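There are 2 protein chains.
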Amino acid sequence: MDNMLGRAKKAEAYLKKAGKLTEKCLKKYIPKEKEIPSTLHSAMRYALLAGGKRLRPALAQASYELFGGKQSESINLAMSALEMLHTFSLIHDDLPCMDDDDFRRGKPTTHKVYGEATAVLAGDALCIYAFELIAQTKNVAVVKELAHSLGTKGMIGGQVIDTESEGKPVDLATVDYIHYHKTAALIEASLVIGALLARATKKELSCIREFGKGIGLVFQIIDDILDIESSTEELGKDVGSDLKNGKATYPAVLGLAASKQKALELYNKSLKHLENLKNKNTETLKNIAALIIARTH
Amino acid sequence: MDNMLGRAKKAEAYLKKAGKLTEKCLKKYIPKEKEIPSTLHSAMRYALLAGGKRLRPALAQASYELFGGKQSESINLAMSALEMLHTFSLIHDDLPCMDDDDFRRGKPTTHKVYGEATAVLAGDALCIYAFELIAQTKNVAVVKELAHSLGTKGMIGGQVIDTESEGKPVDLATVDYIHYHKTAALIEASLVIGALLARATKKELSCIREFGKGIGLVFQIIDDILDIESSTEELGKDVGSDLKNGKATYPAVLGLAASKQKALELYNKSLKHLENLKNKNTETLKNIAALIIARTH
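These protein sequence lines map, in sequence, to chains W and C. Sequential numbering from 11 applies to the first sequence in my numbering. Sequential numbering from 11 applies to the second sequence in my numbering.
This is the structure we're talking about:
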């Protein structure tokens, strides 16, 4: 456990640095507010630059470095695109017709500040702009990976089943489906994209993908637990909203203790996939994995 | 004028054939309703297979053929992606928080049938799926062109200024901005993408782009005119909704007669760009241009 907390601390430092780079790149790539259409650019910047852990960019960077990638425009573009896509999903997820959340990352949600129409379009624009950036890496496999992880067999598929399951009794298989698709798929893709840009081998891609699947699910289980155990102040978003909305979560199906146990099992299983990457320095990813399971916000 | 109507008739036949191909491809590419998440796939298919002119796929195909492209998986993927992206924009445009339209292509709009949450997600999913298909052409320039034409400097930019201008007095420059971005940009991209896939030269790309810009604007001016002069039955969507919503349109700024004159001038200018393509058979595109200006629905 001490080892886990030590690792989590190191990961926080790594994420802080990766977050700063991400923020710098986002500010550079997203058009300025003074450029037309300025309300839209303002809404995009508001949602993007509201803080956040920048976990996906950090995972992409760590995976890229693991496979020998050197700092380059390509990884900067990918890191920015991943954060834009994550933010796009949050903006649409928070809409009144979806989860109807008022706070995100400690600030009023985009539709609360800019209205629903602009929020819908700002989400759309971030999604599309991410593909414009990704196209600049000239790596078509990255475009494909990203699109697949977001689509009906990925994130959006998870969101739909999530919405449809609200207030209904659900089984573990459904919660697994929702959370793997809604959350883990983009986390997995972040790692795979870093590896693709660093020209990892097929076998290496498979290891990093399995690690991503597992740690992505851990991330979501901890999210569900924090929704119950944490405070709005710590979390920066509405707490207890899963319960309020009758959401299909791990604690709702398994209870808190068994959810924590499941997270730990998945965490250990994920690390095994990293161990298959012989002669690679997997320290950073191990640290981030520890942070994901040990985080309190 | 007779010549124009003759050309329009030929274009109708071309569009009918291209439309059938598009429909066949869409049915093949979009996951079946029985695949999970079935409500989402059902909503995507409902919106996509509700008819429509399939103008953008037809333009891409005509441009592809003009530059010597032979029937292939790539052009099929591009045609399908274009129709998905157009449909994505319609679904979001029709939402209650946007134009709040009840009918589209003669049928209730997606949110009327599936609810707002599913409509937002079906739009998102079509947008993302289009990029997944386009990535399969392995042509990264096509991805870039498409994303640019849709983003804040393209379609979405136009939609935002459109929404912001509602009910306000606007000048011709604003209407030009809105309509070039909201409509012409994707029509231009459809033509450019066909040309890119057929490996057109830089000079050829520039000619086809200018033709697309012009004819795209003509399309929107005629759309504005039809919104006033046509009936719901003919048009398959709410008529007079532009006026009702205080939309910035050409007739609102210039009046009907001057709008028709502007469309004709742009049409003639567009054809000049086609004439710069020496030794190419531009008949099909000339026919489609004639249909665009002469259409009654």
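The C-beta atom is built at its ideal place from N, Cα and C for all residues, glycine as well. All values derive from a computational prediction rather than experimental measurement.
Just the Cα atoms here: how many angstroms apart are residue i and residue j?
{"i": "N317 of chain W", "j": "D234 of chain C", "result": "Residue 317 of chain W lies beyond the stretch modelled for chain W, which goes from 11 to 307, so this question has no answer here."}
{"i": "N121 of chain W", "j": "G256 of chain W", "result": "Position check: residue 121 of chain W holds His in this sequence, whereas Asn was assumed. H121 of chain W and G256 of chain W: Cα-Cα distance of roughly 23 Å."}
{"i": "V263 of chain W", "j": "H191 of chain W", "result": "18 Å"}
{"i": "G226 of chain W", "j": "A57 of chain C", "result": "32 Å"}
{"i": "M94 of chain C", "j": "F113 of chain C", "result": "18 Å"}
{"i": "K163 of chain W", "j": "I171 of chain W", "result": "11 Å"}
{"i": "D186 of chain W", "j": "L100 of chain C", "result": "33 Å"}
{"i": "V123 of chain W", "j": "G177 of chain W", "result": "29 Å"}
{"i": "D110 of chain C", "j": "H96 of chain W", "result": "27 Å"}
{"i": "I85 of chain W", "j": "L76 of chain W", "result": "13 Å"}
{"i": "A270 of chain W", "j": "K20 of chain W", "result": "What sits at residue 270 of chain W in the sequence shown is Lys, not Ala. About 23 Å."}
{"i": "K288 of chain C", "j": "A72 of chain C", "result": "16 Å"}
{"i": "G265 of chain C", "j": "E293 of chain C", "result": "32 Å"}
{"i": "D104 of chain W", "j": "A195 of chain W", "result": "19 Å"}
{"i": "C35 of chain C", "j": "I138 of chain W", "result": "23 Å"}
{"i": "P118 of chain C", "j": "P67 of chain C", "result": "24 Å"}
{"i": "K213 of chain W", "j": "Y260 of chain C", "result": "58 Å"}
{"i": "I166 of chain W", "j": "I238 of chain W", "result": "24 Å"}
{"i": "R17 of chain W", "j": "L215 of chain W", "result": "24 Å"}
{"i": "G61 of chain W", "j": "E126 of chain C", "result": "29 Å"}
{"i": "L31 of chain W", "j": "V130 of chain C", "result": "32 Å"}
{"i": "K42 of chain C", "j": "E22 of chain C", "result": "30 Å"}
Go ahead and label residue i buried or exposed: buried means 16 or more other beta carbons lie within 10 angstroms of its beta carbon, across all protein chains shown.
{"i": "E275 of chain C", "result": "exposed"}
{"i": "N291 of chain C", "result": "exposed"}
{"i": "N149 of chain C", "result": "buried"}
{"i": "Q81 of chain W", "result": "exposed"}
{"i": "G168 of chain W", "result": "buried"}
{"i": "D181 of chain W", "result": "exposed"}
{"i": "R209 of chain W", "result": "exposed"}
{"i": "G79 of chain W", "result": "buried"}
{"i": "E285 of chain W", "result": "exposed"}
{"i": "E45 of chain W", "result": "exposed"}
{"i": "K223 of chain W", "result": "buried"}
{"i": "G161 of chain W", "result": "buried"}
{"i": "K154 of chain C", "result": "buried"}
{"i": "E83 of chain C", "result": "exposed"}
{"i": "A268 of chain W", "result": "exposed"}
{"i": "H307 of chain C", "result": "exposed"}
So, with DSSP's three-state summary, where would you put residue i?
{"i": "K272 of chain C", "result": "helix"}
{"i": "F229 of chain C", "result": "helix"}
{"i": "R114 of chain C", "result": "strand"}
{"i": "T379 of chain W", "result": "No answer is possible for residue 379 of chain W: it lies beyond the span of chain W, which begins at 11 and ends at 307."}
{"i": "G29 of chain W", "result": "helix"}
{"i": "C107 of chain W", "result": "coil"}
{"i": "G62 of chain C", "result": "coil"}
{"i": "L287 of chain W", "result": "coil"}
{"i": "E43 of chain W", "result": "coil"}
{"i": "D186 of chain C", "result": "helix"}
{"i": "N149 of chain W", "result": "coil"}
{"i": "F98 of chain W", "result": "helix"}
{"i": "A210 of chain C", "result": "coil"}
{"i": "Q81 of chain C", "result": "coil"}
{"i": "G16 of chain W", "result": "helix"}
{"i": "K296 of chain C", "result": "helix"}
{"i": "P179 of chain W", "result": "coil"}
{"i": "N278 of chain C", "result": "helix"}
{"i": "S240 of chain C", "result": "coil"}
{"i": "G265 of chain W", "result": "coil"}
{"i": "H307 of chain C", "result": "coil"}
{"i": "A258 of chain W", "result": "coil"}
Excluding five sequence neighbours on each side, which residues of the same chain lie with their C-beta closer than 6 Å to the C-beta of residue i?
{"i": "M14 of chain C", "result": "A300, A304"}
{"i": "A91 of chain C", "result": "A140, L143, I144"}
{"i": "Q230 of chain W", "result": "H189, T193"}
{"i": "H283 of chain W", "result": "C217, E220, F221"}
{"i": "Q146 of chain C", "result": "L87"}
{"i": "K37 of chain W", "result": "none"}
{"i": "P335 of chain C", "result": "Because chain C here runs from 11 to 307, residue 335 of chain C falls outside it and cannot be looked at."}
Can you list, in chain order, the residues of its chain whose CB lies under 8 Å from that of residue i, leaving out five sequence neighbours each side?
{"i": "V152 of chain C", "result": "A88, I144, I203, L206, L207"}
{"i": "K63 of chain C", "result": "L25, G29"}
Tell me which residues share the same chain as residue i and place their Cβ nearer than 7 Å to its Cβ, disregarding the 5 neighbours each side in the sequence.
{"i": "M54 of chain C", "result": "I40, A132, A135, L136"}
{"i": "T128 of chain W", "result": "T49, L50, A53"}
Just confirm the distance between the C-beta atoms of residue i and residue j, as a whole number of angstroms; I'd bet it's less than 8 Å.
{"i": "A157 of chain C", "j": "F141 of chain W", "result": "4 Å"}
{"i": "L201 of chain C", "j": "L69 of chain C", "result": "5 Å"}
{"i": "E198 of chain C", "j": "S159 of chain C", "result": "7 Å"}
{"i": "E33 of chain C", "j": "L59 of chain C", "result": "7 Å"}
{"i": "V228 of chain C", "j": "A258 of chain C", "result": "Rounded, the Cβ-Cβ distance is 17 Å, inconsistent with contact."}
{"i": "M108 of chain W", "j": "T184 of chain W", "result": "Not quite, the Cβ-Cβ distance comes to about 18 Å (not below 8 Å), so this is no contact."}
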